[in-house]
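Residue 52 is where the sequence shown starts when you use this note's numbering, and the numbers rise one by one after that.
Ideal Cβ placement from N, Cα and C applies to all residues, glycine included.
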Amino acid sequence: MKPTFQKDDALLADIARARSEGRARLWWLGQSGFLLHTPAGTVLFDPYLSDSLTTKYAGTDKPHTRVTERVIAPERLTGIDVITSSHNHTDHLDAETLLPLLATNPQAKLVIPRANRDFVLERLGREFPLTPTLSPSEGEREKHRQAAGKTSGAGNVVDRASLSPLPRRGGEGQGEVNARLNGCQLVELDEGESASVAGVEFHGIPAAHNTVERDEQGRCRFLGYVARVGGKTIYHSGDTLMHDGLVPALARFAPDVALVPINGNRPERRVAGNLNGREAAGLARAIGARLAVPHHFDLFAFNTEPPDEFEAACHALGQPFRTLQNGEGVDL
């Protein structure tokens, strides 16, 4: 098993130094998980910090054998303002990661695709009060619908200026952990929508994994996110392949950092795929990213690729990049 760049106490010390010095810094926590700290807010993108999938698939014909050590136990991360889940796959929506995180960070908001609300509530085993979503203008919604090849119509995007709290199921809120989770709020987004969450501005970006899949109301089940905080603009891809609406949805943001997957799309793996290294570098270049950082590799032996192709493509395109090791950070 590969060692981390740093983990546990060393990682926490690095985070504490960045906070005390007021630096904006980004750490890769493995797979698609990133911790972004700025003096204006701290965001945890799509964390997977357990061995739940290794346990689930042990003894099957699709073992999820871990390649790299875990960087930290989720309950040790504190001071988190916002957590994201880009879609429902366990390495992006892991109860064994999220419940300890939310218990330790009861102030944190959880940002999810609106289409996945019921699934998220079922997986986490409780319901959260909702945070109002800032809906886009009709012109902005129409632009995103057209870019994604989506038929225009009032029924295709749920336009909610505000969302009411959900009723809680009987028996919830009992026990120390559930009591500490009462303050957590669920924030729902769809493509073309934005929300201000704990001082972080989020925008929903349609993702294709392997297609731009929608629910019966036309809402995206797979999203990426653009987050603006502390003068920094970060694009987190979630899991995605290239699709016609992706570059048009991102071009206006000119992100400081694009976090892009590189594990590729191989049908023999029997899982939905992602961009390969060459495609990831091309996407970062096409959207004007000042820095590209690869992810979705070096976690599971059956579903990884080395970063060589990504790095070679970035060099060829003149795209600035930084390949991080698990637990490694970079100042922004």
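Going by DSSP, V171 is part of the alpha helix (DSSP H) stretching over R168 to L175. For E360, there is no enclosing beta strand (DSSP E); the residue is part of the alpha helix (DSSP H) that begins and ends at D359 to L368.
Secondary structure note for I285: its beta strand (DSSP E) is the uninterrupted segment K283 to H287. Per DSSP, the beta bridge partners of A246 are F253.
Taking a C-beta distance under 8 Å as the contact criterion, D241 and R165 qualify as a contact pair. Every alpha helix (DSSP H) of 4 residues or more that sits fully in the stretch 276 to 340 is shown, in chain order, as 297 to 301 and 328 to 337. Contact check for T89 against A75 passes: the beta carbons are separated by less than 8 Å.
The stretch 259 to 272 makes no contact with the stretch 298 to 305, as fewer than three CB pairs between them are under 8 Å. About 17 Å separates the Cβ atoms of L152 and L172, ruling out a contact at the 8 Å cut-off. At a Cβ-Cβ threshold of 8 Å, F56 and N377 count as neighbours. With a contact defined as Cβ atoms closer than 8 Å, A249 and D132 qualify at about 4 Å. From the listed residues A337, L342 and G296, the smallest Cα separation to T284 is found for L342. Exclusion of the five residues before and after A146 leaves S103, R174, L175 and G176 as the residues of its chain whose Cβ lies within less than 8 Å of its Cβ. Partner residues in a beta bridge of F353, as assigned by DSSP, do not exist. The beta-carbon distance between H138 and Y99, rounded to whole angstroms, is 12 Å. This is too long to meet the 8 Å contact definition. P157 and G130 have their C-alpha atoms some 10 Å from each other. Taken through DSSP and simplified to helix, strand or coil, T155 comes out as helix. Per DSSP, the continuous beta strand (DSSP E) segment holding R76 begins and ends at R76 to G81.
The stretch 369 to 376 and the stretch 255 to 270 do not touch, with fewer than 3 CB-CB distances between them shorter than 8 Å. Collapsing the DSSP output to three states places K107 in a helix. A check of alpha carbon separations from V280 across L375, V122 and H254 identifies H254 as the nearest. Taking Y276 as the centre and dropping the five residues before and after it, the same chain places the C-beta of T135, F253 and H287 closer than 6 Å to its C-beta, in chain order.
Using a Cβ distance threshold of 8 Å, N354 and V322 count as a contacting pair. L350 is the residue among E362, L350, H366 and D382 whose C-alpha sits nearest the C-alpha of K53. Per the coordinates, the alpha-carbon of I313 lies some 18 Å from the alpha-carbon of T141.
Listed in chain order, the non-local C-beta contacts of F96 below 6 Å within the same chain comprise F85, T135 and H287, local neighbours out to five positions each way being set aside. Close CB contacts of D307 within its chain, under the 7 Å cut and outside five residues either way in sequence, are with K283, T284, I285, R341, L342 and L383 (chain order).
Just so you know, the alpha carbons of H346 and E362 end up roughly 12 Å apart.
With a cutoff of 8 Å on beta-carbon distance, I163 and E239 are scored as near each other.
Beyond the five residues adjoining it in sequence on each side, E360 comes within less than 8 Å, by CB distance, of I313, N327, G328 and R329 in the same chain, given in chain order.
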